[in-house]
Amino acid sequence: MARPGPDTKCQAASGIATTPVHHPEPLRAPLAAVANASSVMARNQASLGRPERVKFAAVAKRAASGGFTLLELAVVILIIGVLATFAMLSVGNRVQEDRLENEARRMKALVQLAAEEAEAKGVEIGLRFTESEFRLLVLDEDRKWADLEKTGSLRRRQIPPPLAVSLSVDGRRVVLPANDPSEAELQKQAKSPSMTAAVKKMEPQVLLLSSGELTPFALDLGAPGLGFFYRLEGDVLGRLQLNRVAVPRE
């Protein structure tokens, strides 16, 4: 049996109740708990957002591996083709419109120049149109109609396709011939005693007089596929006017 120590004896002698004193254990348990909690937090942070990332990666993988379906590719190609067609038509129509306007303005300028030439030189000049040509004629020494110029500004000119002309004189529609004989054919037939009927009838439809007057006419110049045409009009007083006219709807 253990002997009581001196302190125990003193406390027993003084009559004070005694309580056993426990000395604290080392702080091993709290440190272990903290370490365990830190490990759990680290694992939670590492796994944070993992389902979302996995889901996104799966969708991206399916999209990359699947690509476009045949139907989607067909729709895209169809849309591109339609847009390209509209663009080409728009550009083509614009080029045709500019070409028609330039040709109409050139026609007016040539007729105006020929009228001034007739008045200045005191000669009669004729305008002759075919389906493919525009000619300025003058009476030669034999009183036959011949080209006013061979190589100058008032020379024989082609009407570039697909442009087309129609002519009315004094309010009446004129049936235009398809074409006239070439210059070489004209020279050859002019020397022949038996000139063809085509050459004999190769007369102007419109006259530009030396007095400044002219045969009233209306020349329409247009192109297929356009919603308008240009009309060059001349009155008896020699006044010329060029207007853009809308094609009437049927």
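Using my numbering, the first residue of the sequence shown is number 36, and each one after it goes up by one. Note that CB positions come from ideal geometry on N, CA and C, so glycine has one too.
Burial state of residue i (16 or more Cβ within 10 Å)
i	result
isoleucine 115	exposed
histidine 57	No answer about histidine 57 holds up, because its pLDDT of 48 lies below 50 and its placement is not dependable.
aspartate 215	buried
isoleucine 112	exposed
arginine 163	buried
glycine 269	buried
leucine 267	buried
valine 130	exposed
arginine 284	exposed
glutamate 176	exposed
arginine 170	buried
glutamine 276	exposed
valine 200	buried
Start and end residues, beta strand (DSSP E) containing residue i
i	result
arginine 208	207-209
lysine 168	According to the sequence provided, residue 168 is glutamate. The question's lysine does not apply to it. Glutamate 168 -> beta strand (DSSP E) spans 168-174.
arginine 163	160-164
glutamine 276	275-281
aspartate 31	Here the chain covers residues 36 to 285 and nothing more, so residue 31 does not appear.
glycine 262	From DSSP, glycine 262 is part of no beta strand (DSSP E); its letter is neither H nor E.
valine 241	241-243
Distance, residue j Cα to residue i Cα
i	j	result
valine 146	threonine 120	39 Å
alanine 213	leucine 105	53 Å
glutamate 168	lysine 156	25 Å
alanine 258	proline 239	24 Å
serine 246	leucine 118	57 Å
leucine 174	phenylalanine 252	21 Å
threonine 250	valine 110	60 Å
glutamate 166	leucine 108	49 Å
valine 280	leucine 261	11 Å
glutamate 151	lysine 143	12 Å
glutamate 154	glutamate 132	33 Å
leucine 189	glycine 161	12 Å
arginine 141	leucine 135	10 Å
From the options, residue whose alpha carbon lies closest to that of residue i
i	options	result
alanine 149	Glu184, Ala139, Gln131	Glu184
glutamate 220	Pro197, Arg208, Leu256, Ala181	Ala181
glutamate 159	Glu166, Val117, Ala144, Val241	Val241
proline 196	Glu268, Gly273, Gly262, Leu256	Leu256
arginine 208	Phe263, Leu254, Ala199, Leu189	Leu254
arginine 178	Gly262, Leu277, Met237	Met237
glycine 206	Leu243, Arg134, Val271	Val271
isoleucine 194	Asn137, Gly161, Val130, Leu108	Asn137
phenylalanine 264	Ser217, Leu202, Glu248, Val282	Val282
arginine 191	Val204, Leu202, Leu172	Leu172
Starting from the N-terminal side, write out each stretch of the beta strand (DSSP E) that is 3 residues or longer and does not extend beyond the segment 175-208. 180-182, 199-204
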